[in-house]
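Okay, so here's the structure we're looking at.
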Amino acid sequence: MKRLLQMAGLLVLASALPAAGAADVSGNWRGSFDFEGTSVQLTFHFVAEGNTLTGSVEGLPTTPAEIHDGKIDGSNITFSLTTDYQGTQYKLVYNGTVSADGESIGFTFGTEAGDWSAELSATRMRFQMPPPHVNAPLGDVKRYPGDGDGAFKTEKYRDLFAEAGHTPEEEKAKIDKAFQQLFHGDGQEERIYFETGANENGPLAYITDWANNDARTEGMSYGMMIAVELNKKREFDAIWNWANTYMLITDPKNPSVGYFAWSMNTDGTPRSTGPAPDGESYFVMSLYFAAHRWGNGKGIYDYQAEADKLLHLMRHHPVLTAEGPFRIHPDDPPFAMPDHPWPSPNNRRMEAEAKASGRPWPPPYFRFPRGPQKETIGPMVDEDHFMIKFVPNLPGGATDPSYHLPAFYELWSRWGPEEDRAFWAKAADVSRDLFAKVTGPETGLTPDQTNFDLSPMMGWDGKPMAFGYDSWRSVSNWSVDYSWWYKDPDEKVLSDRIQKFLVGQGIDKFDDRYTLDGQPLSQRHSPGMVATGAVGSLAATDGPNAKAFVDALWNMPVPNGEQRYYDGLLYLMSMMHASGEFRIY
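In terms of the working numbering, the sequence shown opens at residue 2 and continues consecutively.
Here you go:
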């Protein structure tokens with residue numbers, strides 16, 4: 002009977018979208034029942050169409066279990082579930098009543114034959130913001146003055162592929178192929194660069210995240226960096242022109258004015274009206290390199306002036322508060338997020354997965370504010386902690402370790418606006434300190450976000466932020482810093498640590514998301530994560546782990562298909578870093 006009672010928990014606490022008189026109980030619920038002193042906790046997923054209820058439940062070894070014969074009649078719901086446990090099938094029947102406030106459901110449930118029954122109460126699961134974190138002051142940070150002993154000083158860049166026995170001609174052929182495929186290959190399966198005509202400033206082009214069907218400042222700025230490094234001025238100028246034409250926020254009533262909207266539809270209409278600082282950071286660095294490599298032109302092609310202006314704004318943007326909805330340009334219609342996910346291959350895939358597992362779609366957290374909302378925007382840095390912010394919204398905030406680019410900050414402390422140079426010099430050292438302190442001590446993995454005082458940031462689930470897609474870039478960031486500046490010996494330790502962990506997971510099969518202590522959170526093996534791990538070999542100790550990553554990158558095909566955007570850009574930039582062709586100009 003104990004096993005039977007455990008299996009009873011597999012029955013779903015049903016809820017539904019409101020039909021005529023039907024209770025609005027669509028979404029996720031959690032409840033538990035007591036069995037001989039043991040609390041059995043279950044998580045329930047409900048989908049309702051009209052008076053019909055479907056869904057599933059998680060929490061026991063045989064989950065998810067699917068709802069059958071689900072019906073909604075006003076505040077009453079009924080359904081059954083048949084489950085197989087150790088070769089025996091049980092059909093359990095649930096009868097529930099939704100509370101008047103719609104926040105709980107009381108169930109009586111049991112076997113169809115009536116020889117066992119129990120009661121269970123479930124409450125609606127709602128996402129809640131964690132309480133605001135009060136950051137401790139910045140502690141002592143080791144300083145690394147001077148030019149270091151890396152490529153900035155020596156003008157010699159390490160070539161990991163040559164060390165592995167490959168010729169310059171082979172390296173050039175691989176990089177040329179990757180650029181040709183990603184920028185000028187087949188439009189359906191290969192490229193991410195698309196030209197869209199011209200305006201008074203010349204050709205226009207965007208870089209698209211194909212799987213999400215948008216253009217992002219992340220990818221636009223990466224595309225510009227690749228173009229300047231490979232001496233592709235037409236592509237560089239066309240991307241910068243598109244960014245200025247469509248992404249640059251010029252409406253003075255938008256508190257993000259002067260920044261670039263981080264996500265846009267490929268027709269130039271917005272998906273956002275605010276920025277993400279990783280895009281601005283790569284815009285600035287690529288513009289400085291363009292000024293030094295090609296010289297300055299006029300207007301938006303005065304690269305030095307554009308870099309100085311944007312870098313100054315990143316630290317000195319005025320604190321502005323306004324009530325939305327906002328516009329990108331003064332003559333645009335006001336923008337409001339849709340009440341459904343944007344159409345894209347990724348969202349179609351997630352919708353199919355949700356329906357197959359009985360989870361609701363859209364997910365419950367996809368509910369954006371529809372009415373007027375006040376927003377306060379300020380600088381992209383936290384002045385007290387010398388750190389780049391995840392977003393420039395105020396009050397509060399956090400930082401994303403993968404946004405930290407100490408190799409770039411060193412250059413900004415030499416080339417940027419005079420009044421900001423000391424700030425960026427210290428920011429470089431703060432970033433090095435951050436990498437050493439937020440990585441998993443056994444894994445070398447960084448969280449997607451952390452507080453400014455380097456204490457763990459809690460996610461929606463109340464757990465510390467994990468190693469996610471943004472985090473793939475961290476190992477590349479500190480390893481390029483080690484290669485260009487050769488200042489912080491801890492960066493070698495970090496590269497050794499993450500490569501050892503990932504090789505231990507399997508160089509050809511490690512997952513692309515983990516908890517910081519190394520518990521897998523996905524089942525996908527990502528080319529982009531392998532590529533950035535190979536850049537780690539610029540800092541890692543020479544040995545089998547470093548070699549395994551370099552060989553894996555060398556043997557990797559150029560990413561194509563739906564996921565070619567992030568994987569492809571990281572692949573190409575990693576190929577350039579590993580070959581010594583990603584240089585300071």
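Just so it is clear, CB atoms sit at the ideal spot from N, CA and C, and this is done for glycine as well.
The structure presented is a predicted model; accordingly, all values stated were derived computationally and were not measured.
CA nearest to the CA of residue 429, picked from 537, 482, 465, 446: Closest in alpha carbon position to residue 429, among 537, 482, 465, 446, is 482.
Minimum C-alpha distance to residue 182 - residue among 558, 344, 405: Looking from the CA of residue 182, the closest CA among 558, 344, 405 belongs to 558.
Per DSSP, residue 46 forms a beta bridge with which residues? DSSP output for residue 46 lists 29, 57 as bridge partner(s).
Counting only the same chain and skipping the five closest in sequence on each side, list residues whose C-beta sits under 6 angstroms from that of residue 561. Result list for residue 561: 190, 191, in chain order.
Does the distance from the C-beta atom of residue 276 to that of residue 263 stay below 9 angstroms? The answer is yes: Cβ separation under 9 angstroms.
If the criterion is Cβ atoms closer than 9 angstroms, does the pair residue 47 and residue 41 meet it? No. Outside cutoff.
When the Cα atoms are used, what is the spatial distance from residue 350 to residue 307? Distance from the CA of residue 350 to the CA of residue 307, rounded to the nearest whole angstrom, comes to 40 angstroms.
Using CA coordinates, which residue listed in 76, 115, 113 is at the minimum distance from residue 105? The shortest Cα separation from residue 105 among 76, 115, 113 belongs to 76.
Identify, in the order they occur along the chain, each residue of the same chain with its Cβ nearer than 6 angstroms to the Cβ of residue 289, setting aside the five sequence neighbours on each side. Taken in chain order, the residues that qualify are 308, 416.
Spell out a yes or no on whether the stretch 159-178 and the stretch 566-583 are touching, meaning 3 or more CB-CB pairs, one atom from each, closer than 8 angstroms. By the Cβ rule, the stretch 159-178 counts as touching the stretch 566-583, because three or more pairs are nearer than 8 angstroms.
I'd like to know if the stretch 482-491 and the stretch 525-540 are in contact, where contact means that at least 3 CB-CB pairs between them fall below 8 angstroms. Touching, per the Cβ criterion.
Minimum C-alpha distance to residue 65 - residue among 52, 82, 72: Shortest Cα-Cα distance from residue 65 to any of 52, 82, 72 involves 82.
Whole-angstrom distance between residue 151 and residue 454, CA atom to CA atom: Cα to Cα, the separation comes out at about 29 angstroms.
Would you report the Cα separation of residue 260 and residue 319, rounded to the nearest angstrom? Distance between the alpha carbons of residue 260 and residue 319: 12 angstroms.
Look at residue 479 and residue 495 and say whether their C-beta atoms are less than 9 angstroms apart. Contact flag set, yes.
Give a yes or no on contact between the stretch 136-146 and the stretch 112-122, applying the rule of three or more CB pairs nearer than 8 angstroms. Touching, no, given that fewer than three Cβ pairs across the two stretches are closer than 8 angstroms.
What ranges does the alpha helix (DSSP H) occupy inside the stretch 274-310, keeping only unbroken runs of at least 4 residues that lie completely in it? Those alpha helix (DSSP H) runs which fall completely within the stretch 274-310 and span 4+ residues are 278-295.
How many angstroms separate the CA atom of residue 344 from the CA atom of residue 166? Computed Cα separation, rounded: 46 angstroms.
For residue 43 and residue 96, what's the separation of their Cα atoms in angstroms? Inter-residue distance for residue 43 and residue 96 is about 17 angstroms (C-alpha atoms, whole angstroms).
Helix, strand or coil for residue 90 per DSSP? DSSP, read as helix, strand or coil, puts residue 90 in strand.
Let me know the secondary structure DSSP gives residue 584 once reduced to three states. Of the three classes helix, strand and coil, the one that applies to residue 584 here is coil, per DSSP.
Nonlocal neighbours in the same chain, by C-beta distance under 6 angstroms from residue 477, ignoring five residues either side: Cβ neighbours of residue 477 beyond the five flanking positions: 533, 536.
How far does the alpha helix (DSSP H) with residue 255 in it extend, from its first residue to its last? Going by DSSP, residue 255 is part of no alpha helix (DSSP H) at all; its letter is neither H nor E.
Using the three-state DSSP reduction, which class does residue 8 fall into: helix, strand or coil? Note that residue 8 scores 36 on pLDDT, short of 50, meaning its location in the model is unreliable and no value can be drawn from it.
If you check the beta carbons only, do residue 566 and residue 245 fall under 9 angstroms apart? Contact flag unset, no.
Quick check: the Cα distance between residue 383 and residue 407, rounded to an integer number of angstroms? Cα to Cα, residue 383 sits roughly 15 angstroms from residue 407.
Which of helix, strand or coil does DSSP assign to residue 487? Secondary structure at residue 487: coil, using DSSP grouped into helix, strand and coil.
Per the contact definition of three or more C-beta pairs closer than 8 angstroms, is the stretch 390-405 in contact with the stretch 328-347? Between the stretch 328-347 and the stretch 390-405, the count of Cβ pairs shorter than 8 angstroms is below three; the stretches do not touch.
Rounded to whole angstroms, what's the CA-CA distance from residue 301 to residue 410? Just pull it up for me. Rounded to the nearest angstrom, the two C-alpha atoms are 23 angstroms apart.
Whole-angstrom distance between residue 550 and residue 501, CA atom to CA atom: Between the alpha carbons of residue 501 and residue 550 lies a distance of about 10 angstroms.
So, are the CB atoms of residue 243 and residue 207 less than 9 angstroms apart? Result yes, Cβ atoms of residue 243 and residue 207 sit closer than 9 angstroms.
Please name the residue, chosen from 146, 285, 469, 107, that lies closest to residue 310 on a Cα-to-Cα basis. Cα-wise, what sits closest to residue 310 is 285.
Rounded separation between residue 248 and residue 272 - CA only: Whole-angstrom Cα-Cα distance: 10 angstroms.
DSSP bridge partner residues for residue 69 (one or two, in chain order): Partner residues in the beta bridge of residue 69, as assigned by DSSP, are 81.
Any beta carbon of chain B sitting closer than 9 angstroms to that of residue 532? The structure shown contains no chain B; it is built from a single protein chain.
Below 9 angstroms between beta carbons: does that hold for residue 134 and residue 397? In contact: residue 134 and residue 397 (Cβ atoms closer than 9 angstroms).
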